[in-house]
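Peer 1: Following this message is one structure expressed as structure tokens.
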Amino acid sequence: MLNTTQLTEKQREVIQIFQKNIEVPDLREFCANNNLDFNFVKGFIGTTLLDNYLKVEDISKNIFVLSSKGRKIDGYIQGFPLASQLNDKNPLDVMQLQKEFGQSNYSIHFGSLKKEKAVEVRTEGDDNSQKLYILDRNIIKQFIKRQEVFAEVLIGKEVSATEELEWLIHQKLVEKKSVDNYSISVNSEIQKLVVQRLITTVTSDLLISGQWNEVEFKPYNIHDDVPDIKYGLSCILTQCFQLVREIFLDMGFDEMSGQIVDSSFWNFDALFTAQDHPAREIQDTFYLSKPQFLALPDNRDLVRDVKAAHESGHGSIWTEEEASRAILRTHTTASTARNLYRLGGQDLKYFSIDKVFRNESVDRTHLAEFYH
Numbered sequence: 004m005l006n007t008t009q010l011t012e013k014q015r016e017v018i019q020i021f022q023k024n025i026e027v028p029d030l031r032e033f034c035a036n037n038n039l040d041f042n043f044v045k046g047f048i049g050t051t052l053l054d055n056y057l058k059v060e061d062i063s064k065n066i067f068v069l070s071s072k073g074r075k076i077d078g079y080i081q082g083f084p085l086a087s088q089l090n091d092k093n094p095l096d097v098m099q100l101q102k103e104f105g106q107s108n109y110s111i112h113f114g115s116l117k118k119e120k121a122v123e124v125r126t127e128g129d130d131n132s133q134k135l136y137i138l139d140r141n142i143i144k145q146f147i148k149r150q151e152v153f154a155e156v157l158i159g160k161e162v163s164a165t166e167e168l169e170w171l172i173h174q175k176l177v178e179k180k181s182v183d184n185y186s187i188s189v190n191s192e193i194q195k196l197v198v199q200r201l202i203t204t205v206t207s208d209l210l211i212s213g214q215w216n217e218v219e220f221k222p223y224n225i226h227d228d229v230p231d232i233k234y235g236l237s238c239i240l241t242q243c244f245q246l247v248r249e250i251f252l253d254m255g256f257d258e259m260s261g262q263i264v265d266s267s268f269w270n271f272d273a274l275f276t277a278q279d280h281p282a283r284e285i286q287d288t289f290y291l292s293k294p295q296f297l298a299l300p301d302n303r304d305l306v307r308d309v310k311a312a313h314e315s316g317h318g319s320i321w322t323e324e325e326a327s328r329a330i331l332r333t334h335t336t337a338s339t340a341r342n343l344y345r346l347g348g349q350d351l352k353y354f355s356i357d358k359v360f361r362n363e364s365v366d367r368t369h370l371a372e373f374y375h
């Protein structure tokens, strides 16, 4: 016999409700009436725990619902509003129809009917007015029937397979959806199960009030199998960085680091990137608004040397304002430039592993940030 003390509180609640029923012809309706979660009950009866107490029969069925395309249209299939008018009158004045529907909507509905050769426009009379004539009244009636089926699907009514339904499916306005459901016969053996409320947590209130001596606690089973715990692992990217770091350190290099927010001076100008170079455009670089500018180096000789190198080498005007603009660094070579200046020609070996940023489109294979 099933040991109900090892069940969860929700599972015991389901058993208690089944004990009050002999037949459950529709599990979805049963769950709705008893405020139960269908997926939870489905999972519970799908285990072997209740095999001796319930006989479950699969009564799943397919229903038809509006597709995403069908939900976007305004309750009417294309062609129906015009077809419904033509069904009563023939011919109709085209200009009047365009005023009534609007030029765009009229063209859509007319195009749908014309595509199936249901209508045509004729020019007639002394005023050369255009009239809309029916070529095939059966097709007009089909559009009306299609709308009737569409309206039934729209309100959630069950529909049978018809030519009109197949047309709606072909137009991707309606789609088939499988709905799980079950009917259940309850065995009388379930009445023998003793189900009572069990306390699963010892609280301070239970201890202070003395109620712990009056309630039934859920047994603690230390012999139950439990899943193995998968302990956390370091990020694969971090592992890669550490491997590269160890290689360089073993070769006698020292690690250097720089700042993420830097000035254009160190990121571009100190590396002889012209101030009108495409790489400095906003499409490629993240420029900051707070702060918008950063101070240039205190060494004015360095600033003058960079200015002179740009104006003589690139032949363009170099401005301190452009060099002062604050950015998210686009490469770690900015750190290299800073350290070369700081070390003043000393013979040393450095490496760096740092994050950089590029103003690029983000997709499943590209990010706006990566490591150098």
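Take the sequence shown: its position 54, counting from 1, is numbered 57 in my numbering, and each next residue is one higher.
Glycine included, each C-beta is placed from N, C-alpha and C at the ideal position.
By the 10 Å Cβ neighbour count, where 16 or more other Cβ atoms means buried, how is Ile270 classified, buried or exposed?
Peer 2: Inspection of the sequence shows that residue 270 is occupied by Asn rather than by Ile. When all chains shown are included, Asn270 counts as buried.
Peer 1: Rounded to the nearest angstrom, how far is the Cβ of Glu169 from that of Val162, given a contact under 8 Å?
Peer 2: Wrong, their Cβ atoms sit about 11 Å apart, outside the cutoff.
Peer 1: In chain order, what residues of the same chain have a beta carbon less than 6 Å from the beta carbon of Asn190, not counting five sequence neighbours either side?
Peer 2: Tyr56
Peer 1: What are the boundary residues of the beta strand (DSSP E) that Ala329 is part of?
Peer 2: Ala329 to Leu331 is the span of the beta strand (DSSP E), which, as asked, contains Ala329.
Peer 1: Return the chain-ordered ranges of every beta strand (DSSP E) run that is complete within the segment 204-285 and spans a minimum of 3 residues.
Peer 2: 264-266
Peer 1: In this structure, how does DSSP classify Thr51 when only helix, strand and coil are distinguished?
Peer 2: coil
Peer 1: Roughly how far, in whole angstroms, is the beta-carbon of Glu219 from the beta-carbon of Ile193, given that I think they are within contact range, below 8 Å?
Peer 2: With a Cβ gap of about 20 Å, Glu219 and Ile193 do not count as contacting.
Peer 1: Looking only at DSSP bridge pairs, what is Asn302 linked to?
Peer 2: Beta-bridge pairing links Asn302 to no other residue.
Peer 1: Using only the alpha-carbon positions, how far apart do Val17 and Lys64 sit?
Peer 2: 24 Å
Peer 1: Which residues does DSSP pair with Asp61 in a beta bridge?
Peer 2: For Asp61, which the question treats as bridged, DSSP gives the partners Tyr185.
Peer 1: Please confirm whether Lys13 and Phe43 have their CB atoms less than 8 Å apart.
Peer 2: yes
Peer 1: Measure the C-alpha to C-alpha separation of Glu258 and Ser355 and round it to an integer number of angstroms.
Peer 2: 6 Å
Peer 1: Measure the CB-CB distance between Leu176 and Lys72 and report whether it falls below 8 Å.
Peer 2: yes
Peer 1: Spatial neighbours of Pro94 within its chain, please: CB distance less than 7 Å, with the 5 preceding and 5 following residues excluded, ordered by chain position.
Peer 2: Lys134, Leu135 and Tyr136
Peer 1: By alpha-carbon positions, which one of Ser132, Leu89, Gly128 and Asn131 ends up nearest to Lys117?
Peer 2: Leu89
Peer 1: Contact check, Val264 vs Ala329 under 8 Å by CB: the rounded distance?
Peer 2: 6 Å
Peer 1: Out of Asp279, Arg361, Leu299 and Ser319, which has the shortest C-alpha to C-alpha gap to Thr288?
Peer 2: When only C-alpha atoms are compared, the closest one is Arg361.
Peer 1: Helix, strand or coil for Glu363, going by three-state DSSP, please let me know.
Peer 2: DSSP, reduced to helix, strand and coil, places Glu363 outside both helices and strands of the structure shown, so it counts as coil.
Peer 1: With a Cβ-Cβ cutoff of 8 Å, do Tyr109 and Gln99 count as a contact?
Peer 2: no
Peer 1: On the three-state DSSP scale, how would you describe Ser132?
Peer 2: strand
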